[in-house]
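Protein chains in written order, with the working numbering: chain A, 70 to 160; chain B, 960 to 1574. Every residue, glycine too, gets a C-beta built ideally from N, C-alpha and C.
Below, the structure written as structure tokens:
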């Protein structure tokens, strides 16, 4: 069955939200805990820890980007619904 | 980036494995949706960062497969790991070589730190007293360590023998202290005591050096494991002040009061010198802010404030510092003092009961502290969350012996900073009726407390007379006439001082205050009604004397007050003389001043009571 543009947009939003949820539990978020001074010490280790914190920030930001994108898609779906109604078509 | 690293091969191996799996997981999180592309760019960057470290860790672990425990590796000479070397040693600049040299020192320090941690970790508790263990050398090693923060952190991360090490050194120190106390000429014990103290100080320096930043191991985790006596010995060397010192003190003191789980007891139970509480409170007493914070944190554990020390003066000093008026809000002090009194009255329950040599803060000490806050045991009881009856009851309990009564009255006379800052009239002459009522209520309450206290007659007599003197001093400092509100502090103090002196002369002349020591008994034994009138005479004469000092009345008005040849009931006659005298002042005073004189008199002597007295 052919899906409407609004349904397609909502499906994409759902997919992005699923991905965002996955990122929330990403193993990369906890790597810094394994890289503590009980594991290694020194300027190089400090640098690694800084990088792992940066990785963590990137993933959090990616999560936020996905949620924002999903919201945008949902909004577009609402607009698509409204446009379809205006055009007199049954959605 | 220097070329040196200390690492635990197994843990780095785990990190490498975790990184690899995390990177694969991110790869599986790809999305081709155009709306997801900004997020995908971020994930690719994250993977790329992990991709830099994974091969490096892989190589580090592979090359150092033989390293089973913590190791230090000079990566500068390790060609395959070029990523760890910022320069080629062959064509390095002078600056780069200097940095590399510093890194080499640091690497050596880390190696020394790890070796020291391993040596101390394997040490038996009693080894510290063996000739093979040189405490002085260990002290030097610790002090050397403090020059290298990275090495200190390596030590703190690797060393897990705090409990045994500190138990050993604290026990040895306490024994040496006992020996010195028993024989001051025992040079060997004195030397040992000094070596232990230096060792403990060096350990403190190590903890301080490793405590930079919130995520560094600090004293908290150490204190949680070691005997509280050992923690108390370390405390002075941790450079703590204010809130941090209070927190550390709270942690140590609570642990000491909670008893050890092994039923053997804390180290200080078996030695004669200062115990944990003495040491901690002495440290707190050097820092008034820390004393305040400490008391705030102890409201749910009053016993940790008033019990345990072998020298109660240390606890008393902290209590005094933390409840002193100039820094404390009344409600805050109430939150501290009320539970302490409740706890003391309901019977102590604490580990300190079984700790040899423990003492408790005396009622006298509490009396000294509460003197400054006496209003909150009566007129302002609500502010401390208890009723007048409960506050009054507590006050009676506190001063129910000669020593406590003495210190309470001394405190009343000496420490009334809060009252001194209040005024019976504002700058426009409005009379603060509530304040006057509050004062009269307080004096009545205190007199009643004195009367009912189980103190000897002479002490009670002296207390009643002192109360009269206190009224003079208090009223003199609280009145300060509206027209004197612009006076500077020095002039105002002079007026108060002259008022007190002048009023006392008049009051002694009319035998309301005793002119000689022989009169104390006679005046103190007057009945309740007469003493009530006496208090009103004291307060009114003081106000009038101040008006004279300020030039509002001629000095001879005081001579017009006569209490000789009283007929009938003394209280009634005296009240009539006082009222006549005040009435005669009206034509000579402005309305505002006269109203204040009347308000003070009426505050101390309800006129309807006069009617009853004369019935």
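When 993/B, 1006/B, 1337/B and 1530/B are compared, the shortest CA-CA separation from residue 1494/B is found for 1530/B. Note on the region 1304–1357 of chain B: whole alpha helix (DSSP H) runs with a minimum of 4 residues are 1322–1330 and 1347–1357, in chain order.
In the displayed model, residue 1274/B falls within a helix according to three-state DSSP. The beta carbon of residue 998/B sits closer than 8 Å to those of 990, all from its chain and outside the five residues before and after it, given in chain order.
Close to chain B, meaning a Cβ-Cβ distance shorter than 7 Å, are the following residues of the region 116–139 of chain A: 116, 117, 120, 123, 124, 127, 128, 130, 131, 134, 135 and 138. According to the DSSP assignment, residue 83/A belongs to the alpha helix (DSSP H) that extends over 74–93. Residue 1341/B and residue 1155/B have their C-alpha atoms some 52 Å from each other. When the alpha-carbon of residue 1322/B is set against those of 1298/B, 1290/B and 1356/B, the nearest one is in 1356/B. Taking C-alpha positions only, residue 1429/B is separated from residue 1371/B by approximately 7 Å. Taking a C-beta distance under 7 Å as the contact criterion, residue 1406/B and residue 1457/B do not qualify as a contact pair.
Sequence-ordered contacts of the region 971–991 of chain B with chain A read 971, 973, 974, 977, 978, 980, 981, 982, 984, 985, 988 and 990 [C-beta pairs closer than 8 Å].
Under a 10 Å Cβ-count criterion, residue 1533/B is classified as buried, with 16 or more other Cβ atoms of the shown protein chains found around its own Cβ.
Residue 1541/B and residue 1410/B have their alpha carbons spaced roughly 30 Å apart. In this model, residue 1076/B and residue 1237/B are separated by some 31 Å (Cα to Cα). With fewer than three CB-CB distances shorter than 8 Å, the region 1136–1147 of chain B does not count as touching the region 1100–1108 of chain B.
For residue 1333/B, the closest alpha carbon among the candidates 1320/B, 1319/B, 1293/B and 1020/B is that of 1293/B. Excluding five sequence positions before and after residue 1214/B, the CB atoms of its chain that fall closer than 7 Å to its own CB belong to 1187, given in chain order. The residues 1426, 1430 and 1494, in chain order, have a CB closer than 7 Å to that of residue 1402/B in the same chain once the five nearest residues on each side in sequence are set aside.
Contacts with chain A at 7 Å (Cβ-Cβ) include residue 1012/B. Taking 7 Å as the cut-off, the beta carbon of residue 975/B is found closer than this to the beta carbon of residue 1016/B. Between residue 1462/B and residue 1414/B a beta carbon distance of about 27 Å is seen, past the 8 Å cut, so the two are scored as non-contacting. Under the DSSP definition of a beta bridge, residue 978/B lacks any partner. Residue contact check for residue 76/A against chain B: no CB pair falls below 7 Å. Residue-level contact check: residue 1116/B touches chain A, since one or more beta carbons of chain A fall below 7 Å from its beta carbon. Proximity of residue 995/B to chain A, defined by a Cβ-Cβ separation below 7 Å, is satisfied.
By the C-beta criterion, the region 1248–1255 of chain B is judged to be in contact with the region 1272–1279 of chain B, since at least 3 inter-stretch pairs fall below 8 Å. Shown here, residue 1400/B sits in a helix according to DSSP, grouped into three states. When rounded, the separation of the alpha-carbon atoms in residue 146/A and residue 117/A is 43 Å.
The beta carbons of residue 1168/B and residue 1111/B sit closer together than 7 Å. Distance from the CA of residue 1243/B to the CA of residue 1208/B, rounded to the nearest whole angstrom, comes to 8 Å. Straight-line measurement puts the Cα of residue 1475/B at about 29 Å from the Cα of residue 1569/B. By the 16-neighbour rule on beta-carbons within 10 angstroms, residue 1338/B is buried.
The CB of residue 95/A comes closer than 8 Å to the CB of 981, 984, 985 and 988 in chain B, given here in chain order.
Counting along the chain, the unbroken alpha helix (DSSP H) around residue 1151/B starts and ends at 1146–1168. Against residue 104/A, the close residues of chain B are 974, in the order they occur along the chain (beta-carbon pairs closer than 7 Å). If you draw a straight line from the Cα of residue 1394/B to the Cα of residue 1359/B, it comes to about 28 Å.
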